[in-house]
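K.L.:
Quick one: the structure is below, and I'll ask about it shortly.
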Amino acid sequence: MPGGTDQTLRPFLWRAERMYPDTEIVSRTHEGVERYTYEEYGDRTAQLAGAMDATGVPEGERVATFCWNHHRHFETYFAIPTTGRQLHTINPLLPDEHIQYIVQNADDRIIFLDPSLAEKLSGAYDEAAFEAVEQFVVMGSEVPDVRFDAVDYESFIDGHDTSYDWPTVDEETPAGMCYTSGTTGKPKGVEYTQKMLWSHTMATMGPQGLDISDDDVVMPVVPMFHVNAWGMPFTSTAAGAKHVYPGPSPDPADIAGLIEDEEVTVTAGVPTVWLGLQEYIQAGNDVDLSSLESVIIGGSAAPRAMIEWFDDRGVTVDHAWGMTEMSPIGSVSRLKSGLAEDLSYEEQVDKRAKQGLMVPGVEFKVIDDDGEEVPWNGEDFGELHIRGPWITTEYFKRPEANEEDFEESEGGRWLKTGDVVTVDEDGYIKIVDRAKDVIKSGGEWISSVELENAIMAHDDVTEAAVVGVPHERWQERPVAFVVPAEGTDPGELEAEVTEMLGEEYPKWWLPDDLVQIDEVPKTATGKFSKKDLREEYADEALLEGQVPEEAAPDDD
Ligand code: ADP
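As numbered in the working numbering, residues 40 to 595 make up the sequence shown, in order.
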């Protein structure tokens, strides 16, 4: 075989265990802050591999996690794929119906779940949807009251050998999996092969990516159920860095405490998280950020003011863009060498607030409405198409989505991102719009189409359109525009619709406002025109000053 071995995760684990046995992994858990070394990590990961073998679930099967960021979750990150199984991280914030669909669609055979999420999973549990699941394992040393049989993690791995003969796994073997929200219909599964995770790790470890090395202390605040915490547990291991995991639902005080106590150098998360930290510090809490070198901000656009705020404290914001389909990192916004001398500080921040430069390995093109590639002039815009070794070329069991979201052309298959961008002369992409009809609130998707359908199911509603409105804390929030049936009491309708949605969806999905209108404006082809809707209602107190022109999706 050319090259000797396949491109898999196993050598990363091997290297960290052997070369950095004393480097620490620190974790805030349900039981307090725990710490151990890569050496112990290796032992426990081997035990977990043995425990999974003992369940009889063979390699090639999917094993799910329903967990926050902590060391036990990290143990599954290597034990599952390195035994040839597939790590499927489930987002516990999703509506129950989505969780049922995902578990059934993926045929998960084992589920690892957090004690603090046990109630959520127990609520979503459905015998038919969870039929393939043979084993539930609770991440701790006790089992809370749940509607399924479960064992606790420490008993599960106890007694298994602390060494394991890791098999040779083919690089094309699926190693990971994550679902992303569809504009319409059910969530779409994205599989990551060993090779995709290997190449993503190698590319993002370097200075043109996330720039992680063995003197770093890395704390991913971005949840491990979000595209493997942007791949950071793998990248940090490959680099031999110290890991810090902030545990279940960390608040700004938890994050600040860990940065100080563990001397974190690199951290990562969506803008909402950092806004929380800013407010915490502005409220008078004294936080020492001196160890921190960089904050990777992605998932939604990093606001300029946030970049400047961190600059003032000697911390560099590395603004990153990516997608679940891309394992997930595509671009990082850093100044190219030489640019710093040519640009004023203002101009530098302009560049860094863009989504940035593709990391080495990724190619892109920007296609306008006429199917032509746009010039790199920072003005012409179009949909971003992308390809690369860690970018998926298909959705799991979803042929119709494959037709829509990928483009076959000479030289390969491109992912159509649904992001509308410009590219400047230096190659920096900037997202100016989104062609997909979804709302991203605090880094999590809300399907506007699903909410519209749910609202229109109410007898007294004839039409409903849900739009994302820019919001300082959450980046976007849903607002519903509703056409009531004749003779409906407006006051009652709002209460009824809100109650109805609350039965089906988590609180954070519920529209912030329900505006009653006479008619939803339509496009020439009869579709809801959300652009016109925004324009028409821009003077409503609610939307006033909050909807910049460029934020309105152009759905004509
Ligand atoms: P993730 O949240 O991990 O980036 P998702 O697949 O959930 O992955 O979301 C991807 C989408 O999020 C992108 O297509 C884009 O619309 C948006 N997004 C991601 N990063 C940024 C960013 N830095 N700026 C603006 N939008 C972003």
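Yeah, the Cβ is synthetic: ideal placement off N, Cα and C, and Gly gets one too. Computed from a predicted model, the values in this text were never measured in an experiment.
Kindly indicate which three-state DSSP category Glu511 falls into: helix, strand or coil?
P.N.:
If DSSP states are grouped into helix, strand and coil, Glu511 belongs with coil.
K.L.:
Alpha carbon to alpha carbon, what distance is there between Thr219 and Arg49?
P.N.:
Between Arg49 and Thr219, the C-alpha separation is close to 27 Å.
K.L.:
Is Glu575 near the ligand ADP, going by C-beta to nearest heavy atom under 8 Å?
P.N.:
No.
K.L.:
Where does Leu454 fall in DSSP's three states?
P.N.:
Leu454 falls in the strand class under three-state DSSP.
K.L.:
Taking the straight line between their C-alpha atoms, what separation do you get for Gly410 and Glu446?
P.N.:
C-alpha separation (whole angstroms): 12 Å.
K.L.:
Kindly provide the ranges of any alpha helix (DSSP H) runs that are 4 or more residues long and lie completely inside the stretch 294 to 363, ordered along the chain.
P.N.:
Entirely contained in the stretch 294 to 363, the alpha helix (DSSP H) runs reaching 4 residues are, in chain order, 310 to 321 and 343 to 351.
K.L.:
Between which two residues does the alpha helix (DSSP H) carrying Leu133 extend?
P.N.:
Careful: Leu133 lies outside any alpha helix (DSSP H) and carries neither H nor E.
K.L.:
Identify the residues that DSSP records as bridge partners of Glu502: which are they?
P.N.:
Glu502 is bridged to Val522.
K.L.:
Which whole-angstrom value describes the C-beta separation of Gly395 and Ile468, a residue pair presumed to lie in contact below a C-beta threshold of 8 Å?
P.N.:
Confirmed, about 7 Å.
K.L.:
When you compare only the Cα positions, how much space is there between Ala590 and Asp571?
P.N.:
In this predicted model, Ala590 has a pLDDT of only 34, less than 50, meaning its place in the structure is not dependable; the value taken from the coordinates is given anyway. Straight-line Cα distance between these residues: approximately 13 Å.
K.L.:
Just to confirm, are Ala524 and Asp551 a CB contact at a threshold of 9 Å?
P.N.:
No, Cβ-Cβ distance for Ala524 and Asp551 is not below 9 Å.
K.L.:
Please identify the residue among Pro206, Gly95, Glu181 and Asp200 whose C-alpha is closest to the C-alpha of Ser194.
P.N.:
It is Glu181.
K.L.:
Checking contacts by CB at 9 Å: is Asp409 closer than that to chain C?
P.N.:
Annotation note: the requested chain C is absent from the structure, which comprises a single protein chain.
K.L.:
Near Ala214, what residues of its chain come up, given a Cβ to Cβ distance below 7 Å and the 5 sequence neighbours on each side ignored?
P.N.:
Answer for Ala214: Leu48, Pro120, Gln125, Leu126, Tyr231, Thr232, Gln233 and Leu236, listed in chain order.
K.L.:
Could you compute how far the alpha carbon of Val142 sits from the alpha carbon of Glu574?
P.N.:
Between Val142 and Glu574, the C-alpha separation is close to 41 Å.
K.L.:
Helix, strand or coil: how does DSSP classify Ile556 here?
P.N.:
Coil at Ile556, not helix or strand.
K.L.:
With distances taken from CA atoms, which of Val102, Pro399 and Ser486 is nearest Met241?
P.N.:
Of the candidates Val102, Pro399 and Ser486, the one whose C-alpha sits nearest the C-alpha of Met241 is Pro399.
K.L.:
Leaving out five residues on either side along the sequence, give the residues of the same chain with a beta carbon under 6 Å from the beta carbon of Thr433.
P.N.:
The question names Thr, but residue 433 is Glu in the sequence shown. Asn441, listed in sequence order.
K.L.:
Assuming Leu549 is part of the alpha helix (DSSP H), what are its boundary residues?
P.N.:
Segment: none, Leu549 is in no alpha helix (DSSP H) and carries neither H nor E.
K.L.:
Could you tell me the alpha carbon to alpha carbon distance between Pro560 and Ala493, rounded to whole angstroms?
P.N.:
Roughly 19 Å between the two C-alpha positions.
K.L.:
With C-beta atoms as the reference, is Leu454 less than 9 Å away from Thr276?
P.N.:
Taking 9 Å as the Cβ cut-off, Leu454 and Thr276 do not qualify as a contacting pair.
K.L.:
Between Arg437 and the rest of its own chain, which residues show a CB-CB distance below 6 Å, the 5 nearest in sequence each way excluded?
P.N.:
Here the set comprises Lys227.
K.L.:
Thinking C-alpha only, which one of Glu136, Glu100 and His199 is nearest Ile150?
P.N.:
Taking only the C-alpha atoms, the option nearest Ile150 is Glu100.
K.L.:
Glu136: beta carbon under 8 Å from a heavy atom of the ligand ADP?
P.N.:
No, since every heavy atom of the ligand ADP falls outside the 8 Å radius drawn around the Cβ of Glu136.
K.L.:
Quick check: is any heavy atom of the ligand ADP less than 8 Å from the C-beta of Asp389?
P.N.:
No, the Cβ of Asp389 stays beyond 8 Å of every heavy atom of the ligand ADP.
K.L.:
Exposed or buried, Met271, counting other C-beta atoms within 10 Å across all chains shown (16 or more means buried)?
P.N.:
That one is buried.
K.L.:
Give every residue of the same chain whose Cβ lies closer than 7 Å to the Cβ of Gln139, excluding the five residues on either side of it in the sequence, and list them in chain order.
P.N.:
Ala163, Asp165 and Ala168.
K.L.:
Rounding to the nearest angstrom, what Cα-Cα distance links Ser333 and Ala344 in this structure?
P.N.:
Cα to Cα, Ser333 sits roughly 16 Å from Ala344.
K.L.:
Can you tell me the Cα-Cα spacing of Met91 and Asn144, whole angstroms?
P.N.:
Their Cα atoms are separated by approximately 21 Å.
K.L.:
Please identify the residue among Thr527, Glu535, Pro509 and Lys390 whose C-alpha is closest to the C-alpha of Glu464.
P.N.:
Answer by Cα proximity: Lys390.
K.L.:
Whose C-beta lies closer than 7 Å to the C-beta of Leu328 among residues of the same chain, with five residues either side of it excluded?
P.N.:
Closer than 7 Å at the Cβ level, and outside the excluded window around Leu328, lie Ile298, Arg352 and Val354.
K.L.:
Which two residues bound the contiguous beta strand (DSSP E) that contains Glu100?
P.N.:
It is not in any beta strand (DSSP E) - Glu100 carries neither H nor E in the DSSP assignment.
K.L.:
Can you give, in chain order, each stretch of the beta strand (DSSP E) that sits fully within the stretch 446 to 491 and has at least 3 residues?
P.N.:
Those beta strand (DSSP E) runs which fall completely within the stretch 446 to 491 and span 3+ residues are 451 to 462, 468 to 473, 477 to 480 and 483 to 486.
K.L.:
By the three-class DSSP mapping on this structure, what secondary structure does Glu442 have?
P.N.:
In this structure, Glu442 counts as helix in the three-state DSSP scheme.
K.L.:
Whole angstroms is fine: what's the gap from Met244's alpha carbon to Ala278's?
P.N.:
Between Met244 and Ala278, the C-alpha separation is close to 7 Å.
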